[in-house]
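*Asks:* Residue numbers (the numbering used here), protein chains in the order written: chain U, 1 to 158; chain C, 159 to 316.
Glycine included, each C-beta is placed from N, C-alpha and C at the ideal position.
Starting off with a structure, shown below.
2 protein chains.
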Amino acid sequence: MTAQPDLLKIGDFAKLANTNLRTLRYYEELGLIQPASRSQGGFRYYRQTDIHRVQMIRDLQELGLHLDRIRELMAVRADVENRDLFLERVREALVEQDRLLQEKIAVLEGQRKKVAQALHKANECRHCSHSPSTDNNYCEPCCTTGERLPDHLSALFQ
Amino acid sequence: MTAQPDLLKIGDFAKLANTNLRTLRYYEELGLIQPASRSQGGFRYYRQTDIHRVQMIRDLQELGLHLDRIRELMAVRADVENRDLFLERVREALVEQDRLLQEKIAVLEGQRKKVAQALHKANECRHCSHSPSTDNNYCEPCCTTGERLPDHLSALFQ
DNA sequence: CCCAACTCTACCGCACACGTCAGGGGCATC
DNA sequence: GATGCCCCTGACGTGTGCGGTAGAGTTGGG
Chain U
1 MTAQPDLLKI GDFAKLANTN LRTLRYYEEL GLIQPASRSQ GGFRYYRQTD IHRVQMIRDL
61 QELGLHLDRI RELMAVRADV ENRDLFLERV REALVEQDRL LQEKIAVLEG QRKKVAQALH
121 KANECRHCSH SPSTDNNYCE PCCTTGERLP DHLSALFQ
Chain C
159 MTAQPDLLKI GDFAKLANTN LRTLRYYEEL GLIQPASRSQ GGFRYYRQTD IHRVQMIRDL
219 QELGLHLDRI RELMAVRADV ENRDLFLERV REALVEQDRL LQEKIAVLEG QRKKVAQALH
279 KANECRHCSH SPSTDNNYCE PCCTTGERLP DHLSALFQ
């Protein structure tokens with residue numbers, strides 16, 4: 001089969017789409033993109049305009065969406081003529097994504113808070129003359145401040 | 159070999175440490191804990207006091223530290239008699255962890271921001287009478303607001 | 001001695017988005 | 001038809017912290 005007009009082999013397509021072969025094949029595996037055609041030898045041929053599709057996937061990935069979710073959206077887009085329904089699906093996905101991101105952030109913020117507590121305590125200990133021993137119950141509570149050690153630090157002293 | 163005083167088999171130890179066999183064996187694999195001894199048949203026997211060690215690992219995990227990092231800290235703790243050096247290592251690890259958490263949070267916040275932008279635009283489109291077509295360059299820029307579409311949404315309309 | 005309950009090692013599986021081969025062909029040009 | 005570049009499929013590897021299973025061995029009490 002000879003070259004087709006306006007169709008690109010995967011290597012050239014990848015360059016234009018600013019990605020690489022493996023990624024394109026992976027997207028195809030997940031049902032995110034399809035080459036416009038294949039040669040008899042199995043070579044993939046892509047339409048130039050499908051570069052936008054790749055870009056869309058990339059853009060949605062930047063929102064933190066998983067490829068599965070992105071595929072669902074693309075599928076709705078393909079199936080549905082009703083623009084409102086499609087927009088609604090996008091809205092739903094975005095709202096859910098925002099919730100998901102909030103949750104992740106909350107977890108990380110919680111960890112940061114604990115780290116800060118531990119750090120605070122570690123600083124105090126640095127300037128403290130006491131050392132943990134059986135006599136002072138391993139600095140629990142702290143001989144200087146009388147405070148309890150943070151959970152995540154107390155074990156350090158035992 | 160008969161039961162040793164004050165030593166626990168892995169099952170009992172796991173219960174007291176509020177964890178499970180698999181986790182304990184995994185920690186051992188990573189060099190985080192060692193049973194005090196083994197029976198001739200290969201059974202692990204743990205000291206009760208090592209429950210604190212497990213708890214420490216758990217506590218540090220809650221700060222978001224990886225097990226490898228935790229092992230490093232525990233190793234310093236074992237090797238070093240100098241308490242100040244140990245505390246310094248802990249401080250370093252905590253500071254680094256805080257930085258790491260900040261970075262992760264920044265990424266997620268960035269994603270949230272983009273999601274919000276896309277959502278905002280999607281809401282506008284919902285109440286808009288225009289539809290993307292070749293006539294209006296696929297709503298780029300928006301016929302109503304004159305704004306450019308967010309990157310991560312423009313491709314949706316093509 | 002026997003049996004139930006416990007434990008052992010070794011291994012595969014998961015999530016996720018690819019990276020990186022190996023071994024084999026296809027394509028276009030001279 | 002030969003050459004050199006491009007492409008194919010299939011498969012394993014990565015990171016992380018375990019979960020779960022198989023098949024075999026150990027322990028301790030009756």
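Just the chain C side, please: which residues come within less than 8 Å of residue 64(U) by C-beta, in chain order?
*Replies:* Counted from its first residue, the first sequence places residue 64(U) at position 64. Simply 266, 269, 273.
*Asks:* With a floor of 3 residues, list each beta strand (DSSP E) that falls wholly inside the stretch 236 to 296 of chain C, ordered by position along the chain.
*Replies:* If we require 3 residues or more, the stretch 236 to 296 of chain C turns out to have no beta strand (DSSP E) run fully inside it.
*Asks:* Measure from the alpha carbon of residue 117(U) to the alpha carbon of each residue in 200(C), 206(C), 217(C), then state which is nearest.
*Replies:* Residue 117(U) sits at position 117 when you count from the first residue of the first sequence. Nearest of 200(C), 206(C), 217(C) to residue 117(U), Cα basis: 217(C).
*Asks:* At a cut of 8 Å, does the stretch 166 to 173 of chain C reach the stretch 203 to 212 of chain C through at least three beta carbon pairs?
*Replies:* Yes, the stretch 166 to 173 of chain C touches the stretch 203 to 212 of chain C.
*Asks:* Who are the Cβ neighbours of residue 128(U) in its own chain at under 7 Å, not counting the five residues just before and after it?
*Replies:* Locating residue 128(U) in the first sequence gives position 128, counting from the first residue. Answer for residue 128(U): 144, listed in chain order.
*Asks:* Since residue 108(U) and residue 259(C) should fall inside the 8 Å C-beta cutoff, what is the C-beta to C-beta distance between them, to a whole number of angstroms?
*Replies:* Position 108 of the first sequence holds residue 108(U). Position 101 of the second sequence holds residue 259(C). With a Cβ gap of about 5 Å, residue 108(U) and residue 259(C) count as contacting.
*Asks:* Where does the unbroken beta strand (DSSP E) through residue 8(U) begin, and where does it stop?
*Replies:* Start at 1 with the first residue of the first sequence, and residue 8(U) comes out as number 8. Where residue 8(U) is concerned, the enclosing beta strand (DSSP E) stretches over 7 to 9.
*Asks:* For residue 40(U), is the classification buried or exposed, using 16 other Cβ atoms within 10 angstroms of its Cβ as the cut-off for buried?
*Replies:* Here residue 40(U) refers to the residue found at position 40 when the first sequence is read from its first residue. Exposed: under 16 other Cβ atoms inside 10 Å.
*Asks:* Are the beta-carbon atoms belonging to residue 95(U) and residue 86(U) less than 8 Å from one another?
*Replies:* Counting from 1 along the first sequence, the entry for residue 95(U) is found at position 95. Counting from 1 along the first sequence, the entry for residue 86(U) is found at position 86. Against a cut-off of 8 Å, the Cβ pair of residue 86(U) and residue 95(U) comes out as no contact.
*Asks:* Of the residues that make up the stretch 236 to 253 of chain C, which ones have a beta carbon closer than 9 Å to any beta carbon in chain U?
*Replies:* Listed by position along the chain: 241, 242, 244, 245, 246, 248, 249, 252, 253.
*Asks:* Ignore the nearest five residues each way along the sequence and tell me which others in residue 68(U)'s own chain have a CB closer than 8 Å to its CB.
*Replies:* In the first sequence, counting from the first residue as 1, residue 68(U) sits at position 68. So the list reads 30, once near-sequence residues are dropped.
*Asks:* For residue 172(C) and chain U, any beta-carbon pair shorter than 8 Å?
*Replies:* Looking up residue 172(C) in the second sequence gives position 14. Residue 172(C) does not count as touching chain U.
*Asks:* Along chain U, which residues have their Cβ under 8 Å away from the Cβ of residue 263(C)?
*Replies:* To locate residue 263(C), count along the second sequence from 1; it is residue 105. What residue 263(C) touches in chain U: 105, 108, 109, 112.
*Asks:* Please identify the residue among 115(U), 20(U), 64(U) whose C-alpha is closest to the C-alpha of residue 269(C).
*Replies:* Reading the second sequence from its first residue, position 111 is the one you call residue 269(C). Checked all of 115(U), 20(U), 64(U); the closest Cα to residue 269(C) is 64(U).
*Asks:* Let me know if residue 5(U) comes out buried or exposed under the rule of 16 or more other beta-carbons within 10 Å of its beta-carbon.
*Replies:* In the first sequence, residue 5(U) corresponds to position 5, counting from 1. Exposed is the call here.
*Asks:* In chain order, what residues of the stretch 30 to 46 of chain U put their CB closer than 9 Å to some CB of chain C?
*Replies:* The residues in question: there are none.
*Asks:* If you reduce the DSSP assignment to three classes, tell me which class residue 20(U) lands in.
*Replies:* One-based indexing of the first sequence puts residue 20(U) at position 20. In the structure shown, residue 20(U) sits in coil (DSSP, three-state: anything other than H, G, I, E or B).
*Asks:* Beta-carbon within less than 7 Å of residue 2(U)'s beta-carbon, same chain only, minus the 5 sequence neighbours each way: which residues are those?
*Replies:* Within the first sequence, residue 2(U) is the residue found at index 2, counting from 1. At residue 2(U), the pLDDT of 47 sits below 50, so the modelled position is not reliable; the number obtained from the coordinates is stated separately. Excluding sequence neighbours, residue 2(U) sits near nothing in its chain.
*Asks:* Expressed to the nearest angstrom, what Euclidean distance is found between the alpha-carbon atoms of residue 228(C) and residue 241(C)?
*Replies:* Taking the first residue of the second sequence as 1, we reach residue 228(C) at position 70. Taking the first residue of the second sequence as 1, we reach residue 241(C) at position 83. Whole-angstrom Cα-Cα distance: 17 Å.
*Asks:* Can you check whether the CB of residue 21(U) is closer than 8 Å to the CB of residue 10(U)?
*Replies:* For this step, residue 10(U) is matched to residue 10 along the first sequence. For this step, residue 21(U) is matched to residue 21 along the first sequence. Yes, they are a contact pair.
*Asks:* Among 88(U), 8(U), 103(U), 97(U), which has the Cα closest to the Cα of residue 62(U)?
*Replies:* The residue you call residue 62(U) lines up with position 62 of the first sequence. Looking at the Cα atoms, 97(U) is the closest of the given residues.
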